[in-house]
Amino acid sequence: MISRGYVENFKMDGDYLTVVHSFEAKSISHAALGSDVKALGNVLEEEAKENKVILDLLRTKLASAGVAGEVKPLVGKPGETVVHEAHEQNADVILCGSRGHGKLRRTFMGSVSDYIVHHSHVPVVVCRHKNHHHGHGHHH
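With the first letter of the sequence shown counted as 1, position 106 gets the number 106 in the UniProt record's numbering; the numbers rise by one all the way through.
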């Protein structure tokens, strides 16, 4: 999302933001529905509607923040698509959020922000939400 943190701390005149919304087709669609083409079509249609809502929200936030830029929907693994798009766009920096998933989930699944930090060839700023708490210590 276009965070208040970006607007307050990073936004400069002349910035051009490419906001990437990356999503994978839900794997359950193919596995659980098998050859039920109508059910698969319904799931994919619902997924497309959900993504359209997110893209419209991102475009609205970009415009209301007064930031020049574009919103790009990309299909694929989120970390990989963000790093690839940053390379393609010759980006100066990647700003990404951190959802704050627990340590156990990150251990087994990894996180998008971890992937971006470790694979990007440009600086990465990971933004946490101010009201994000783990309950096991303080984050500064």
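Every residue gets a Cβ at the ideal spot worked out from N, C-alpha and C, and that includes glycine.
Within a Cβ cutoff of 6 Å, which residues of the same chain sit near Thr81, ignoring the five residues on either side of it in sequence? Locating residue 81 in the sequence shown gives position 81, where the first residue counts as 1. The beta carbon of Thr81 sits closer than 6 Å to those of Ser22, Leu74, all from its chain and outside the five residues before and after it, given in chain order.
Using a Cβ-Cβ cutoff of less than 7 Å, which residues in the same chain neighbour Ser29 once the five nearest sequence positions on both sides are dropped? Residue 29 sits at position 29 when you count from the first residue of the sequence shown. Low local confidence applies: a pLDDT of 46 at Ser29 is under 50, so the model's placement there is unreliable, with the coordinate-based value given in what follows. If we look at Ser29 and ignore the five residues flanking it on each side, its Cβ neighbours are Leu40, Val43, Leu44.
Exposed or buried, Gly14, counting other C-beta atoms within 10 Å across all chains shown (16 or more means buried)? Taking the sequence shown and counting its residues from 1, one reaches residue 14 at position 14. Looking at its Cβ environment, which holds fewer than 16 other Cβ atoms inside 10 Å, Gly14 is exposed.
Just to confirm, does Gly41 get its C-beta within under 7 Å of one of the non-hydrogen atoms of the ligand GTP? As for the ligand GTP, it is missing from this structure, which has no ligand bound.
Taking Leu58 as the reference, which of Lys72, Val126, Glu47 has the closest Cα? Here residue 58 corresponds to residue number 58 of the sequence shown, with the count starting at 1. The option with the nearest alpha carbon to Leu58 is Lys72.
Pick out whichever of Asn51, Gly66, Ser111, Ile116 has its Cα sitting closest to the Cα of Leu95. Sequence index remark: in the sequence shown, residue 95 carries index 95 (1-based). Ranking Asn51, Gly66, Ser111, Ile116 by Cα distance to Leu95 puts Ile116 first.
In the DSSP assignment, what residue or residues form a beta bridge with Ile94? Start at 1 with the first residue of the sequence shown, and residue 94 comes out as number 94. Per DSSP, the beta-bridge partners of Ile94 are Val124.
Buried versus exposed, by CB contacts within 10 Å (16 or more), Ala63: Position 63 of the sequence shown holds residue 63. With fewer than 16 Cβ atoms within 10 Å of its Cβ, Ala63 is classed as exposed.
For Val112, count neighbouring Cβ atoms within 10 angstroms of its own Cβ and tell me buried if that reaches 16, exposed if not. Your numbering for residue 112 matches position 112 in the sequence shown. Buried.
Delimiting residues of the beta strand (DSSP E) encompassing Gly69: Position 69 of the sequence shown, counted from the start, is the residue given in the question as residue 69. It spans 68-75 - the beta strand (DSSP E) in which Gly69 sits, taken as one unbroken run.
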